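Student: Following our numbering from start to finish, the sequence shown increments by one per residue and tops out at 606. The C-beta atom is built at its ideal place from N, Cα and C for all residues, glycine as well. Here the structure is a predicted model, which is why all the values come from computation and not from measurement.
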Amino acid sequence: MIDKWWSERPSIKLSELNPISHGIEGRLGRSPDAVPRILLLGGTGEAAELAAQLASRNDLEFISSFAGRVSCPKYPIGAVRVGGFGGIEGLISYLIMESISVVIDATHPFSVGISRNSEVACARLGLPLIALVRPAWQKQKNDLWHEVITYADAAEFVNRKKGRVFLSIGRQEVGSFAACNDAWFLIRAIEAPTGQLPRHHEILLQRGPFDLKEESQLLRDYSIDHIVSKNSGGSGTYTKIEAARLLGTPVVMVQRPTKHTASAVETVDQVVTELTALLTRTVQDGKQRKEAR
Ligand code: NAP
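Pasting the structure below:
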């Protein structure tokens with residue numbers, strides 16, 4: 314992905330990584346030789362892990378960005394900003410005003426809006442974008458998965474089954490289940506859902522991670538017949554899937570949307586490798602250009 318950006322901009326100085334901000338760096342009080350600034354779009358464990366790694370480097374600066382969805386967030390180490398940018402145009406303005414050189418999109422696999430916006434904004438400014446999407450969970454032996462494309466499909470399925478449902482999809486999409494009058498729902502989220510809720514439900518406000526014993530006990534205590542889950546991937550919420558496997562509980566698994574048109578990497582280490590290669594190459598190009606003068 315980075316190669317694509319570089320093939321379009323073959324020889325470039327560090328301070329020219331962002332061609333638009335270069336012209337205003339002086340006005341913004343930044344030296345042309347200042348270290349590159351990275352925007353890290355976060356909200357995931359991987360983004361926090363990346364922040365921890367980047368914080369120890371002196372060849373770059375970074376700012377972690379959050380949507381501001383939860384009222385008591387756990388912010389990572391380093392500089393943080395909170396709140397939407399105001400669509401593509403707002404993001405472009407932010408990238409310019411903050412002299413951002415590289416964007417790392419480490420948002421959740423189901424966060425399509427911010428990923429599409431960052432792709433468009435970076436393309437317009439000619440900025441490199443490193444996209445991190447952790448691998449999806451794969452169905453294992455003894456998993457009883459019913460895979461669906463949309464939340465509406467999941468709602469229709471569990472309502473038809475009329476059982477007791479553990480709804481573990483966060484709070485934003487709970488409204489898709491509002492018309493399910495024939496099933497009972499245990500809705501688990503970090504904060505209470507605000508929209509319309511299904512008629513029969515109980516809300517459980519909890520923040521993970523949860524261990525396997527806790528998850529198995531929860532499924533037993535509430536006599537759960539079906540779990541509804543997003544295929545989020547990662548280890549943070551996987552224990553409910555393992556618990557379902559052990560207890561033979563069916564899982565209605567919402568498949569992932571497509572986040573990026575360009576390819577993405579799957580691990581924090583791969584992001585660091587790509588970023589380091591990008592910055593090293595930039596420094597070398599800068600040196601060659603200086604020598605050629
Ligand atoms: P989304 O649907 O892709 O984004 C909706 C809007 O929220 C974006 O257009 C943007 O507003 C703002 N936004 C999203 N992520 C942002 C970020 N990191 N920094 C600044 N603004 C951001 O996003 P979402 O699915 O609601 O997720 C919001 C945040 O929660 C993300 O950071 C994501 O990593 C985290 N998260 C999401 C889930 C999930 O299941 N969706 C789970 C865990 C964590 P503007 O257009 O105004 O810029």
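CA-CA distance, residue 322 and residue 398?
Tutor: Counted from its first residue, the sequence shown places residue 322 at position 9. Counted from its first residue, the sequence shown places residue 398 at position 85. At residue 322 the pLDDT is 38, less than 50, meaning the model places this residue with poor confidence and gives no usable figure here.
Student: Tell me whether residue 390 is buried or exposed, calling it buried when 16 or more other Cβ atoms sit within 10 Å of its Cβ.
Tutor: Counting from one through the sequence shown, the residue named residue 390 turns up at place 77. Exposed is the call here.
Student: Report the partner residues of residue 418 according to the DSSP bridge assignment.
Tutor: The residue labelled residue 418 in the question sits at position 105 within the sequence shown. Residue 418 pairs with 354, 444.
Student: Between the alpha carbons of residue 472 and residue 496, how many angstroms are there, rounded?
Tutor: The residue given as residue 472 occupies position 159 in the sequence shown. The residue given as residue 496 occupies position 183 in the sequence shown. Those two C-alpha atoms are separated by around 5 angstroms.
Student: On the three-pair Cβ rule with 8 angstroms, is the region 559 to 574 touching the region 421 to 439?
Tutor: Short answer: they touch.
Student: How about the region 370 to 380 and the region 445 to 461: do they share at least three Cβ pairs that are nearer than 8 angstroms?
Tutor: The region 370 to 380 vs the region 445 to 461: no contact.
Student: Give the straight-line distance between the Cα atoms of residue 564 and residue 539, rounded to the nearest whole angstrom.
Tutor: By one-based count along the sequence shown, residue 564 stands at place 251. By one-based count along the sequence shown, residue 539 stands at place 226. Between residue 564 and residue 539, the C-alpha separation is close to 6 angstroms.
Student: Report yes or no: do the region 478 to 486 and the region 503 to 517 share at least 3 C-beta pairs separated by less than 8 angstroms?
Tutor: With the cut-off at 8 angstroms, the region 478 to 486 and the region 503 to 517 touch.
Student: Taking all protein chains shown into account, decide if residue 525 is buried (16 or more other Cβ within 10 angstroms of its Cβ) or exposed.
Tutor: Walking along the sequence shown from the start, residue 525 turns up at place 212. When all chains shown are included, residue 525 counts as exposed.
Student: Within 10 angstroms of the Cβ of residue 462, are there 16 or more other Cβ atoms? Answer buried if so, exposed if not.
Tutor: Locating residue 462 in the sequence shown gives position 149, counting from the first residue. Burial call: exposed.
Student: Following a CB-centred definition, is residue 421 positioned closer than 6 angstroms to any heavy atom of the ligand NAP?
Tutor: As a first step, residue 421 must be located in the sequence shown, where it is residue number 108. At least one heavy atom of the ligand NAP is nearer than 6 angstroms to the Cβ of residue 421, so yes.
Student: To the nearest angstrom, how far is it from the Cα of residue 431 to the Cα of residue 502?
Tutor: As a position in the sequence shown, residue 431 is number 118, starting the count at 1. As a position in the sequence shown, residue 502 is number 189, starting the count at 1. Using only the alpha carbons, I get a separation of about 27 angstroms.
Student: Are the beta-carbon atoms of residue 465 and residue 489 separated by less than 7 angstroms?
Tutor: As a position in the sequence shown, residue 465 is number 152, starting the count at 1. As a position in the sequence shown, residue 489 is number 176, starting the count at 1. Yes, these two residues count as a Cβ contact at 7 angstroms.
Student: Could you name the residues of the same chain whose beta carbon sits closer than 7 angstroms to that of residue 498, not counting the 5 residues immediately before and after it, in chain order?
Tutor: As a first step, residue 498 must be located in the sequence shown, where it is residue number 185. 478, 480, 490, 511, 513, 514, listed in sequence order.
Student: Around the Cβ of residue 367, are there at least 16 other Cβ atoms within 10 angstroms (buried) or fewer (exposed)?
Tutor: As a first step, residue 367 is located in the sequence shown; it is residue number 54 there, counting from the start. Buried, because 16 or more other Cβ atoms sit within 10 Å of the Cβ of residue 367.
Student: Note the first and the last residue of the continuous beta strand (DSSP E) segment covering residue 479.
Tutor: The sequence position of residue 479 within the sequence shown is 166, counting from 1. Taken as a continuous stretch (DSSP letters only), the beta strand (DSSP E) holding residue 479 covers 477 to 481.
Student: For the ligand NAP, I want to know if residue 382 counts as a neighbour, meaning its beta carbon is within less than 6 angstroms of at least one of the ligand's heavy atoms.
Tutor: As a first step, residue 382 is located in the sequence shown; it is residue number 69 there, counting from the start. Yes - the ligand NAP has a heavy atom lying nearer than 6 angstroms to the Cβ of residue 382.
Student: Go ahead and label residue 531 buried or exposed: buried means 16 or more other beta carbons lie within 10 angstroms of its beta carbon, across all protein chains shown.
Tutor: The count along the sequence shown starts at 1 and reaches residue 531 at position 218. Residue 531 should be labelled buried.
Student: Would you kindly check if the distance between the Cβ of residue 416 and the Cβ of residue 457 is under 7 angstroms?
Tutor: Here residue 457 refers to the residue found at position 144 when the sequence shown is read from its first residue. Here residue 416 refers to the residue found at position 103 when the sequence shown is read from its first residue. No, the pair does not count as a contact, with Cβ atoms beyond the cut-off.
Student: Tell me whether residue 404 is buried or exposed, calling it buried when 16 or more other Cβ atoms sit within 10 Å of its Cβ.
Tutor: Working through the sequence shown from its first residue, we reach residue 404 at position 91. When all chains shown are included, residue 404 counts as buried.
Student: Nearest-angstrom Cα distance between residue 340 and residue 518?
Tutor: Numbered from its first residue, the sequence shown carries residue 340 at position 27. Numbered from its first residue, the sequence shown carries residue 518 at position 205. Legend: pLDDT at residue 340 = 45, less than 50; position of this residue unreliable, value from coordinates given subsequently. Each residue's alpha carbon lies about 47 angstroms from the other.
Student: Looking at the structure shown, is residue 552 part of a helix, part of a strand, or coil, going by DSSP?
Tutor: Translated into the one-based positions of the sequence shown, residue 552 becomes position 239. Looking at residue 552 - three-state DSSP - the assignment turns out to be helix.
Student: What is the DSSP secondary structure of residue 383, counted as helix, strand or coil?
Tutor: Looking up residue 383 in the sequence shown gives position 70. Reduced to three states, the DSSP call for residue 383 is coil.
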